Structures are given as structure tokens and as C-alpha cells.
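Going down the list, the protein sequences come from chains W and S. The C-terminal residue of the first sequence carries number 138 in my numbering, and the numbering is unbroken. The C-terminal residue of the second sequence carries number 276 in my numbering, and the numbering is unbroken. All C-beta atoms in this analysis are idealised placements derived from N, C-alpha and C, irrespective of residue type, glycine included. Quantities reported herein were computed from a predicted structural model and do not represent experimental measurements. To start, the structure under review is shown below, and the notes come after it.
Protein chains: 2
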Amino acid sequence: MNLDEAWRILQENQFKRTKNREAILQFFSINDRYLTALEVKNFMEDDNPGISFDTIYRNLSTFEELGILEETDLNGERHFRMQCNLGKHHHHFICTACGKTRSILHCPMEMIAVNLPDYEIEGHKFEIYGKCPACIPI
Amino acid sequence: MNLDEAWRILQENQFKRTKNREAILQFFSINDRYLTALEVKNFMEDDNPGISFDTIYRNLSTFEELGILEETDLNGERHFRMQCNLGKHHHHFICTACGKTRSILHCPMEMIAVNLPDYEIEGHKFEIYGKCPACIPI
DNA sequence: ATATGAATCGTAATGATTCCTGTTTTTTGG
DNA sequence: CCAAAAAACAGGAATCATTACGATTCATAT
């Protein structure tokens, strides 16, 4: 997902172009990993010292609903990252040191769903945690 | 995991047999699903109105570390359930209505790990959410 | 039965997230 | 360009889950 695409989606849904949204989207576009609301706030305070969590969470939720951001819970905290535009369903390896992710294209769900007739599947979560090559101590 | 086995593990690790621990373990042994600290507290207050969250969380964490309970985050809240004694690694389908679970024996990790050489895998989470047959409206 | 450390209680503190209200900003149309 | 309406925002209070802490009680080995 790039900035132009994000703004197109926002515009299509009648969301206004504000400084705060520009800052949030810019932050995610230059950080290809899961980020917390606090990290977003710290970044935004450079330009807007009075930014409130209300604004940040409201926009993060909006972006997630529009498919601009992806969200996941890590250690009980909400984390967000720019939506990957792989064009297909996928999962992530998440580095526990630097937070960077690596896409996992293989999804095991079809194989699993076969064994769950009579169940109504609403969703699933598949994440792998560890250290990426750059973060493994020599 | 049954009560005897849980007490054996606790004893082996020099943990004392207290009323609170008995109540907590009993609650999990009769509820085969993921439960929150609050649900545990509500149950325990029948016998012990003054039970504190400190006691509950401390014991839940202890039980988890000893492998007596399994833990997962659902909607940013810690949930616990009695450790399944299937003898082998597995995952869960979790009903979003009643909380009951169904074990998924197939684990996709071996297949995935092959595609992640140079990565140091520490863990993974694979959960499926939906409605179990009993909770699907007719 | 008693000593000792573990476990607990009661409550306060914390941290993430949400809610509320009045104000500001963006957009739109005259 | 200017004004009105709606959306977005700031600031702070409130909430919720969880953790921390000092004082007290309890479990168990001797």
C-alpha cells in the first residue's frame, strides 16, 4: 500500500485530508513493521506537540477498517502496520527484536477447514515469532 | 490435564497446597474453555469474597509457567484454559460465542519453517475463530 | 506446637485505550 | 473570498485489565 492508494481510499469514503492523517500515513509508509499508538504519537509530536491519543486511535481504527492498515495484538497491545499489497491472503513472521515482518504466503486454512465441517469459521490468526537474520547475534 | 497431575507438578516445584489454588484448578477442571481472570474471580468469590486479583494473576502465571494452564490473548485480554493432554503439539479452534475449543492436530509449522532459513523461530500462534455447531443459529 | 518462608489480602498504581465536551479545521457552495 | 455545516481534533477524565506493594495470614517441616 502506498500513500496515493491510501488517500484514494480515504477520499472515496469521504474522509478529509488532514495534517494528522498525513503524518500518520507517512510514518507507516517509512516504517515497514508493526507499530504501537505510542510510537505513532512520539513521531507526530515533532510537528504537533499536542496530538491526542483519541485522534491517533480513531484514525488507526479508521485506517484498519478501510484496509489501509493491518492490525494485530502483540503482548496485549494493539499494533498496526501498512497493509501489504501482495494481492493475496498471507501471514507474517514478526521479528521479536526489531519488529520487522516477512510475509508468509502459504496459508494452512484450507487444509484445516476440511476437518471442521459443521463449524462456522469467522477468521484465523497465524503468526510466527522469532529473530530475523539481521537480529541474530553472531 | 487432571487435578492430580496438576498437584503433582506443583508439589514437585515446591508450591504449597492452598485453598485458592484448589479453587482455581477446580474451576478450570470443570470448564473446558478459555477463561479470563475476572471469570476466575467471580467463581472464587463464592467461597472467598475477598480474593484479590493479585492472587489470581500470580497463580495463573505460575500455572502457565508450569505447563498446567495454556494461555492466549483474545481481544487484548489474557485467557487461560487447562492444558490439553493430547501428548502432542496442537492448536485450537475457539468458539466466539461460548468459548469452547476444539483441538486442531495439524500444525503447519514444519512446512513454513522450510521457507525461513536464516531466521531463528521462537514460537508461533495459530488459532481459528468461529462458531461451534452448538452455537450456530438454526 | 512453632518457626519460616510462601501465599494472600487490600489497596494503590500503572499503562493502554476509550469517552466526553468544547474548539478548531476542512470542505463546500454562495 | 467568505460563511455555514460537518468532520476532526485537543485536552483531560474515565475505564479496563493488569501489576505492584506493604502488612498479615497460612502451610508445612521440624
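For residue i, which residues in chain W fall below 9 Å Cβ to Cβ?
i                : result
Tyr257 (chain S) : Phe93, Cys95, Arg102, Ile128, Gly130, Lys131, Cys132, Pro133, Ile136
Gly214 (chain S) : Asp73, Gly76, Glu77, Arg78
Could you please give the first and the last residue of the uninterrupted beta strand (DSSP E) stretch that includes residue i?
i                : result
Lys125 (chain W) : 120 to 131
Asp211 (chain S) : 207 to 212
Phe153 (chain S) : Per DSSP, Phe153 (chain S) belongs to no beta strand (DSSP E) and is neither H nor E.
Ile112 (chain W) : Ile112 (chain W) -> not in any beta strand (DSSP E); alpha helix (DSSP H) instead, spanning 109 to 113.
Met1 (chain W)   : That residue, Met1 (chain W), is in no beta strand (DSSP E); it is neither H nor E in DSSP.
His91 (chain W)  : 91 to 95
His106 (chain W) : From DSSP, His106 (chain W) is part of no beta strand (DSSP E); its letter is neither H nor E.
So for residue i, helix, strand or coil by DSSP?
i                : result
Lys41 (chain W)  : helix
Thr55 (chain W)  : helix
Leu25 (chain W)  : helix
Cys164 (chain W) : Residue 164 (chain W) lies beyond the stretch modelled for chain W, which goes from 1 to 138, so this question has no answer here.
Leu204 (chain S) : coil
Leu35 (chain W)  : strand
Going along chain S, which residues have a C-beta under 8 Å from residue i?
i               : result
Arg17 (chain W) : Per Cβ cutoff of 8 Å: no residues; Arg17 (chain W) is ~31 Å from chain S at best.
Which word fits residue i, buried or exposed, when buried means at least 16 other C-beta atoms lie within 10 angstroms of its C-beta?
i                : result
Val40 (chain W)  : buried
Asn197 (chain S) : buried
Gln221 (chain S) : buried
Phe63 (chain W)  : buried
Gly99 (chain W)  : buried
His92 (chain W)  : buried
Ile206 (chain S) : buried
Met44 (chain W)  : buried
Ala97 (chain W)  : exposed
Leu224 (chain S) : exposed
Met249 (chain S) : exposed
Can you pull the chain S residues whose beta carbon is under 7 Å from the beta carbon of residue i, in chain order?
i                : result
His106 (chain W) : Met249, Ile250
His124 (chain W) : Glu265, Ile266, Tyr267
What distance in whole Å lies between the Cβ atoms of residue j and residue i, which are believed to be in contact at a cut-off of 8 Å?
i                : j                : result
Glu122 (chain W) : Tyr267 (chain S) : 5 Å
Phe126 (chain W) : Pro108 (chain W) : 7 Å
Residue i versus chain W: which residues are under 7 Å apart at the beta carbon?
i                : result
Leu254 (chain S) : Phe93
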